[in-house]
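Residue numbers (the UniProt record's numbering): 1 to 295.
Notes for the one structure printed next.
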Amino acid sequence: MSFTFGFDLPSNPSTTSNTVAQLGASPSSHTTWGHATSTPRVIHLDELTTAPAFCSISVLTRTYDDPKGHFRVVKNVEGVIADLPEGSDLVPGVYEGGLKIWESSKDLVCYLQNQRIIRPLYRVLELGCGHGLPGIHALQQGADSVVFSDLNEEVLREVTRPNIFLNVANRALSSARISLICGDWEALPQILGVDKPVDFNVIVSAETFYTPAVTNKLLRCIHRYLATTPEALALVAGKRYYFGTGGSVANLMSQASALGMRSRVVASSEDGRSNIRDIVEIRCKMEGLVRGKKI
1 MSFTFGFDLP
11 SNPSTTSNTV
21 AQLGASPSSH
31 TTWGHATSTP
41 RVIHLDELTT
51 APAFCSISVL
61 TRTYDDPKGH
71 FRVVKNVEGV
81 IADLPEGSDL
91 VPGVYEGGLK
101 IWESSKDLVC
111 YLQNQRIIRP
121 LYRVLELGCG
131 HGLPGIHALQ
141 QGADSVVFSD
151 LNEEVLREVT
161 RPNIFLNVAN
171 RALSSARISL
181 ICGDWEALPQ
191 ILGVDKPVDF
201 NVIVSAETFY
211 TPAVTNKLLR
221 CIHRYLATTP
231 EALALVAGKR
241 YYFGTGGSVA
251 NLMSQASALG
261 MRSRVVASSE
271 DGRSNIRDIV
281 EIRCKMEGLV
291 RGKKI
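Spelled out as structure tokens, the structure:
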């Protein structure tokens, strides 16, 4: 079984500035981390020849593929994490938390399931995917195509790709167009198009607005690639406040408004012990559209 990028790509990658990376059959045991390239790369989703070690986590929801509401996630990432500079969850320009399973990612899966957001034939984009749980849920629900985007090729190699195979039935893998792209969001037009960019029915992202600058990148990407249809929406999940870094839900919503989009908090999680988590829905303003194009 082989899988290819679901959109039009150059037939001879060596003649373009974009590098198409063919990954090996199984996660590596050692990863050297370096600064993420600004040139995006498309990573082909080849079937794993050996099953990775995994553990189960609960996301308090149920899917057709897993009626108990669990996801299988790779667990052999300890050595990878140890290789990170300073052992940090965040190293700007190098690593931005993709190996960690964030609670907000689980929140997104629950909301997507409970609200039945994903429909057959939908095109879905997950920005800052990490373990890729929301995107995997979209595949389980019959999405036509899902693009997983992360800053780091290492994250896509070590966790996203094996998680897809651990959680998505063969029938969905055979029918869906699945793509993995590593690189900075600002370079995505090199892959997804500039004049006639691919648009998506649903865009999801978790823990990606922790600074105002990163928030601006995120929202510009959403503004460019969210379909201009009434049902199209982006769901962004994260902490209400990111203490010490300046990011917040309020800043996210303010910047969305400045870009001509409308937003609202649709779900919150509060346990009295940790930071409140919110899910923000973002849509295009229909009055800001002319003949299906953003103005």
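In this text, a Cβ means the ideal position worked out from N, Cα and C, and glycines have one as well.
Residue range of the unbroken alpha helix (DSSP H) whose run includes residue i
i: residue 147; result: Per DSSP, residue 147 belongs to no alpha helix (DSSP H); it is in the beta strand (DSSP E), 145-150.
i: residue 264; result: No alpha helix (DSSP H) contains residue 264, which is instead part of the beta strand (DSSP E) from 261-269.
i: residue 192; result: 189-192
i: residue 100; result: Run containing residue 100: none; DSSP gives neither H nor E here.
i: residue 220; result: 212-225
i: residue 198; result: Note, residue 198: premise wrong, no alpha helix (DSSP H); not H, not E.
i: residue 296; result: Given a span of 1 to 295 for the chain in the structure shown, any question on residue 296 remains unanswerable.
i: residue 257; result: 249-258
Rounded C-alpha distance that separates residue i from residue j
i: residue 250; j: residue 145; result: 31 Å
i: residue 255; j: residue 179; result: 29 Å
i: residue 291; j: residue 260; result: With a pLDDT of 36 at residue 291, under the threshold of 50, the modelled position of this residue cannot be trusted, and the question is left open.
i: residue 245; j: residue 278; result: 17 Å
i: residue 99; j: residue 284; result: 31 Å
i: residue 267; j: residue 221; result: 23 Å
i: residue 67; j: residue 108; result: For residue 67, the predicted structure reports a pLDDT of 40, less than 50, and the residue's modelled location is therefore unreliable. A value from the coordinates is still provided. Residue 67 and residue 108: Cα-Cα distance of roughly 18 Å.
i: residue 129; j: residue 243; result: 22 Å
i: residue 121; j: residue 140; result: 12 Å
i: residue 227; j: residue 198; result: 8 Å
i: residue 274; j: residue 205; result: 20 Å
i: residue 118; j: residue 272; result: 31 Å
i: residue 235; j: residue 202; result: 8 Å
i: residue 136; j: residue 258; result: 31 Å
i: residue 185; j: residue 270; result: 30 Å
i: residue 159; j: residue 263; result: 31 Å
i: residue 116; j: residue 173; result: 21 Å
i: residue 152; j: residue 162; result: 15 Å
i: residue 168; j: residue 229; result: 28 Å
i: residue 25; j: residue 192; result: Its pLDDT being 29, under 50, residue 25 is placed unreliably by the model, and the measurement read from it follows with that caveat. Between residue 25 and residue 192, the C-alpha separation is close to 26 Å.
i: residue 170; j: residue 212; result: 40 Å
i: residue 241; j: residue 231; result: 28 Å
i: residue 265; j: residue 101; result: 22 Å
i: residue 103; j: residue 219; result: 21 Å
i: residue 164; j: residue 110; result: 18 Å
i: residue 138; j: residue 190; result: 24 Å
i: residue 150; j: residue 114; result: 26 Å
Which of helix, strand or coil DSSP assigns to residue i
i: residue 284; result: strand
i: residue 176; result: coil
i: residue 242; result: coil
i: residue 63; result: Below a pLDDT of 50, predicted positions are generally treated as unreliable, and residue 63, at 43, falls in that range; the measurement from the model is reported next regardless. Three-state result, residue 63: coil.
i: residue 236; result: strand
i: residue 164; result: helix
i: residue 107; result: helix
i: residue 157; result: helix
i: residue 276; result: coil
Best match in the options for proximity to residue i [C-alpha to C-alpha]
i: residue 225; options: 114, 118, 212 and 126; result: 126
i: residue 182; options: 154, 132 and 103; result: 154
i: residue 176; options: 148, 131, 234 and 269; result: 148
i: residue 131; options: 115, 120 and 166; result: 166
i: residue 217; options: 119, 276, 156 and 188; result: 188
i: residue 123; options: 104, 143 and 135; result: 143
i: residue 207; options: 169, 114 and 248; result: 248
i: residue 210; options: 229, 170, 237 and 101; result: 237
i: residue 105; options: 223, 200 and 239; result: 239
i: residue 223; options: 200, 231, 241 and 212; result: 200
Where the beta strand (DSSP E) containing residue i begins and where it ends
i: residue 126; result: 123-127
i: residue 205; result: 202-206
Chain D contact for residue i (CB, 8 Å cutoff)
i: residue 134; result: Among the protein chains of the structure shown there is no chain D, as only one such chain exists.
Whole-angstrom C-beta distance between residue j and residue i, which should lie under 8 Å
i: residue 282; j: residue 233; result: 7 Å
i: residue 280; j: residue 253; result: 6 Å
i: residue 112; j: residue 134; result: 6 Å
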